[in-house]
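K.L.:
After the structure tokens below, expect a handful of questions from me.
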Amino acid sequence: MNGPTDKPDESNQKKNGEVEHCEHHDEGKPFEINERADWRQSVGRVMHEISNTINDNIVVARYGTIATVALLAGYGMYRTPLFFRFRTVSEIPPDHFVRRKVLHGRLIEVLEEEGQGGVEKPLKVLVRHLSPIGRFQHRAAFDFSAETMNPSARLAGRIENSKDLLKIEIAGVKAAPSYSNRKEQERQWLRRLVADRTPIACQLLSRRIAQGAVKKNASTPSSSQTNDAFDNPADPESEQFAICHLKYRPLGSVRRQDLATVLVKNGRALVASGMHTEDPLRPTMHGSTKVDCMRKDAEYLEGLGEAEFQAVKSKLGMWNDKLVRKAHPDLVTEAEFEATASTRVKVWRWVREKAGF
Numbered sequence: 066m067n068g069p070t071d072k073p074d075e076s077n078q079k080k081n082g083e084v085e086h087c088e089h090h091d092e093g094k095p096f097e098i099n100e101r102a103d104w105r106q107s108v109g110r111v112m113h114e115i116s117n118t119i120n121d122n123i124v125v126a127r128y129g130t131i132a133t134v135a136l137l138a139g140y141g142m143y144r145t146p147l148f149f150r151f152r153t154v155s156e157i158p159p160d161h162f163v164r165r166k167v168l169h170g171r172l173i174e175v176l177e178e179e180g181q182g183g184v185e186k187p188l189k190v191l192v193r194h195l196s197p198i199g200r201f202q203h204r205a206a207f208d209f210s211a212e213t214m215n216p217s218a219r220l221a222g223r224i225e226n227s228k229d230l231l232k233i234e235i236a237g238v239k240a241a242p243s244y245s246n247r248k249e250q251e252r253q254w255l256r257r258l259v260a261d262r263t264p265i266a267c268q269l270l271s272r273r274i275a276q277g278a279v280k281k282n283a284s285t286p287s288s289s290q291t292n293d294a295f296d297n298p299a300d301p302e303s304e305q306f307a308i309c310h311l312k313y314r315p316l317g318s319v320r321r322q323d324l325a326t327v328l329v330k331n332g333r334a335l336v337a338s339g340m341h342t343e344d345p346l347r348p349t350m351h352g353s354t355k356v357d358c359m360r361k362d363a364e365y366l367e368g369l370g371e372a373e374f375q376a377v378k379s380k381l382g383m384w385n386d387k388l389v390r391k392a393h394p395d396l397v398t399e400a401e402f403e404a405t406a407s408t409r410v411k412v413w414r415w416v417r418e419k420a421g422f
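Set out below in structure tokens:
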């Protein structure tokens with residue numbers, strides 16, 4: 066009786082054991098699943114935070130990239146010929162003078178210089194050379210770019226010591242002596258052009274340098290070639306002036322006028338002995354030796370002489386001052402003869418000159 070009753074107990078125990086084992090097994094599964102879920106959630110949270118950070122700053126990153134590209138593009142364009150300009154005369158290549166190239170700029174200042182020992186006193190100005198893009202700037206934009214955007218334009222000390230302006234001598238004329246005139250003061254008209262930052266065209270003729278500033282080439286056979294543009298470059302550290310024809314456009318006019326001719330015609334300057342004033346301490350170099358250029362220079366000086374003669378006759382500018390007229394007796398006598406002599410006297414004089422008596 067006991068045997069059959071014991072077997073069910075054993076089977077019940079096995080079932081209970083299997084049930085317990087299953088219960089333990091079922092308790093471990095949720096633990097592993099929770100562990101994996103926690104890891105995935107952590108990774109997901111990190112990726113979510115990174116995504117949010119990128120989305121929050123994507124506008125800043127985008128505009129930062131655009132600004133960087135724009136700055137690099139602007140710097141690249143600034144280094145192109147469109148923005149190139151000469152800052153000093155020493156930077157101008159010699160062949161620019163030989164070929165008489167034209168540079169465009171704006172008048173910045175009139176330089177004052179005292180004559181020494183009977184040496185002719187040239188008429189000098191400071192000019193800011195304009196790049197091809199700079200030529201399209203109006204007055205306000207020019208002032209802003211010259212004084213604000215370009216640090217080298219901020220001058221420390223005297224303006225004639227600037228390393229950002231071209232020193233120019235006006236060809237064919239010399240400075241007028243001190244004179245008194247009720248209509249205008251000495252150099253007042255030229256200073257008015259400077260105050261307006263008048264655009265001008267400068268045709269390069271030659272370069273004036275300090276004595277001893279020419280670098281002699283060892284291959285140069287003699288000193289007679291000191292005017293050669295390539296064998297004897299000028300010392301870039303020396304003070305240099307560019308001798309130029311200057312042309313400007315008067316207000317309301319379409320065509321440019323020669324500045325030297327206007328000055329002489331109105332009695333504001335004297336005609337020089339040549340295309341440039343003679344100064345043994347500061348010779349000139351890099352000028353053209355072509356016959357055609359020399360012929361044009363002679364015709365130009367002849368035109369200046371005629372303009373000066375008319376100014377003397379009309380007593381314009383400095384020629385209205387008695388002291389100035391007294392200092393140039395030959396020119397004044399001839400002008401007064403032309404203004405006051407009768408036609409008969411002029412004809413008789415012409416006949417005598419032709420006949421040689």
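Residue numbering for the sequence shown follows the numbering used here, starting at 66 and increasing by one per position.
We put the beta carbon where it would ideally sit given N, CA and C, even for glycine.
If we count the other Cβ atoms within 10 Å of its Cβ and call it buried at 16 or more, is isoleucine 27 buried or exposed?
P.N.:
Since the first residue shown for the chain is 66 and the last is 422, residue 27 is missing from the structure and cannot be characterised.
K.L.:
CB glycine 237 to CB alanine 337, shorter than 9 Å?
P.N.:
In the sequence shown, counting from the first residue as 1, residue 237 sits at position 172. In the sequence shown, counting from the first residue as 1, residue 337 sits at position 272. Cβ distance < 9 Å, so glycine 237 and alanine 337 count as in contact.
K.L.:
Taking 8 Å as the cut-off, is the C-beta of glutamine 305 nearer than that to any heavy atom in the ligand ATP?
P.N.:
As for the ligand ATP, it is missing from this structure, which has no ligand bound.
K.L.:
Quick one: using the 10 Å Cβ neighbour count with 16 as the cut-off for buried, is lysine 228 buried or exposed?
P.N.:
In the sequence shown, the residue the question calls residue 228 occupies position 163. With fewer than 16 Cβ atoms within 10 Å of its Cβ, lysine 228 is classed as exposed.
K.L.:
So, under 8 Å CB-CB, leucine 231 and alanine 307 are touching, yes? Tell me the CB distance rounded to an integer number of Å.
P.N.:
The residue given as residue 231 occupies position 166 in the sequence shown. The residue given as residue 307 occupies position 242 in the sequence shown. Indeed they touch by this definition, with Cβ atoms about 6 Å apart.
K.L.:
Leaving out five residues on either side along the sequence, give the residues of the same chain with a beta carbon under 6 Å from the beta carbon of serine 407.
P.N.:
As a first step, residue 407 is located in the sequence shown; it is residue number 342 there, counting from the start. Nothing listed; no residue qualifies.
K.L.:
Excluding sequence positions up to five away, which residues of its chain have a Cβ less than 7 Å from the Cβ of arginine 347?
P.N.:
For this step, residue 347 is matched to residue 282 along the sequence shown. Arg273, Ile274, Ala275 and Gln276.
K.L.:
So, helix, strand or coil for leucine 220, using DSSP?
P.N.:
Along the sequence shown, one-based indexing puts residue 220 at 155. Legend: pLDDT at leucine 220 = 44, less than 50; position of this residue unreliable, value from coordinates given subsequently. Here leucine 220 sits in coil by DSSP.
K.L.:
Find out if the Cβ-Cβ distance for the pair leucine 311, alanine 363 is shorter than 9 Å.
P.N.:
Position 246 of the sequence shown, counting from 1, holds the residue named residue 311. Position 298 of the sequence shown, counting from 1, holds the residue named residue 363. No, the pair does not count as a contact, with Cβ atoms beyond the cut-off.
K.L.:
Evaluate the contact criterion for the region 349-360 versus the region 369-386: three or more CB pairs, one atom per stretch, below 8 Å.
P.N.:
Not touching, per the Cβ criterion.
K.L.:
Could you tell me the boundaries of the beta strand (DSSP E) in which tyrosine 244 lies?
P.N.:
Against the sequence shown, residue 244 aligns to sequence position 179. Careful: tyrosine 244 lies outside any beta strand (DSSP E) and carries neither H nor E.
K.L.:
Within 10 angstroms of its Cβ, does lysine 239 collect 16 or more other Cβ (buried), or is it exposed?
P.N.:
Numbered from its first residue, the sequence shown carries residue 239 at position 174. Flag for lysine 239 reads buried.
K.L.:
On the criterion of 16 or more Cβ atoms from any shown chain inside 10 Å, does arginine 193 qualify as buried, or is it exposed?
P.N.:
Within the sequence shown, numbered from 1, the residue matching residue 193 stands at position 128. Looking at its Cβ environment, which holds 16 or more other Cβ atoms inside 10 Å, arginine 193 is buried.
K.L.:
Within this structure, are the beta carbons of valine 175 and arginine 256 separated by less than 9 Å?
P.N.:
Position 110 of the sequence shown, counting from 1, holds the residue named residue 175. Position 191 of the sequence shown, counting from 1, holds the residue named residue 256. Result yes, Cβ atoms of valine 175 and arginine 256 sit closer than 9 Å.
K.L.:
With 16 as the cutoff for other CB atoms within 10 Å, does tryptophan 55 come out buried or exposed?
P.N.:
The question about residue 55 has no answer, for the chain in this structure spans 66 to 422.
K.L.:
Between tyrosine 365 and the rest of its own chain, which residues show a CB-CB distance below 7 Å, the 5 nearest in sequence each way excluded?
P.N.:
What you label residue 365 is simply residue 300 of the sequence shown in a count that begins at 1. Cβ neighbours of tyrosine 365 beyond the five flanking positions: Gly237.
K.L.:
By the three-class DSSP mapping on this structure, what secondary structure does phenylalanine 151 have?
P.N.:
Along the sequence shown, read from residue 1 onward, the residue named residue 151 stands at position 86. Three-state result, phenylalanine 151: coil.
K.L.:
Buried or exposed for proline 315, going by 16 or more other Cβ atoms inside 10 Å?
P.N.:
Locating residue 315 in the sequence shown gives position 250, counting from the first residue. By the neighbour-count rule (16 or more Cβ atoms within 10 Å), proline 315 is not buried but exposed.
K.L.:
Using the C-alpha atoms, what's the distance from proline 394 back to phenylalanine 402?
P.N.:
One-based indexing of the sequence shown puts residue 402 at position 337. One-based indexing of the sequence shown puts residue 394 at position 329. Taking the straight line joining both Cα atoms gives about 12 Å.
K.L.:
Please report the straight-line C-alpha distance between arginine 262 and glutamate 114, rounded to a whole angstrom.
P.N.:
The residue labelled residue 262 in the question sits at position 197 within the sequence shown. The residue labelled residue 114 in the question sits at position 49 within the sequence shown. Whole-angstrom Cα-Cα distance: 60 Å.
K.L.:
Within 10 angstroms of its Cβ, does glycine 129 collect 16 or more other Cβ (buried), or is it exposed?
P.N.:
To locate residue 129, count along the sequence shown from 1; it is residue 64. Label assigned to glycine 129: exposed.
K.L.:
Suppose you measure from the CA of alanine 420 to the CA of threonine 405; what does that come to, to the nearest Å?
P.N.:
The residue you call residue 420 lines up with position 355 of the sequence shown. The residue you call residue 405 lines up with position 340 of the sequence shown. Approximately 24 Å between the Cα atoms of the pair.
K.L.:
Could you tell me which of Thr398, His341, Leu168 and Lys248 sits nearest to arginine 150, measuring between CA atoms?
P.N.:
Position 85 of the sequence shown, counted from the start, is the residue given in the question as residue 150. For the residues Thr398, His341, Leu168 and Lys248, the minimum Cα distance to arginine 150 belongs to Leu168.
K.L.:
Rounded to the nearest angstrom, what separates glycine 25 and glutamate 185 at their Cα positions?
P.N.:
For the chain, the structure presents residues 66 to 422; residue 25 sits outside this window and is missing.
K.L.:
Exposed or buried, which one is serine 235 when buried takes at least 16 other CB atoms within 10 Å?
P.N.:
For this step, residue 235 is matched to residue 170 along the sequence shown. In the sequence on display, residue 235 carries isoleucine and not serine. Answer is buried; the Cβ neighbour count reaches 16.
K.L.:
Report the residue ranges of all beta strand (DSSP E) runs contained in full by the region 225-270; include only those spanning at least 3 residues, in chain order.
P.N.:
Taking only runs of at least 3 residues, the beta strand (DSSP E) segments lying wholly in the region 225-270 are 231-240.
K.L.:
The beta strand (DSSP E) spanning arginine 171 covers which residue range?
P.N.:
Locating residue 171 in the sequence shown gives position 106, where the first residue counts as 1. That run of the beta strand (DSSP E) goes 167-176.
K.L.:
For the alpha helix (DSSP H) containing glutamine 305, name the first residue and the last one.
P.N.:
The sequence position of residue 305 within the sequence shown is 240, counting from 1. Segment 305-313 is the beta strand (DSSP E) holding glutamine 305; no alpha helix (DSSP H) there.
K.L.:
Please name the residue or residues paired with aspartate 323 in a DSSP beta bridge.
P.N.:
If you number the sequence shown from 1, residue 323 lands on position 258. DSSP, once it has assigned bridges, lists Lys312 as partnering aspartate 323.
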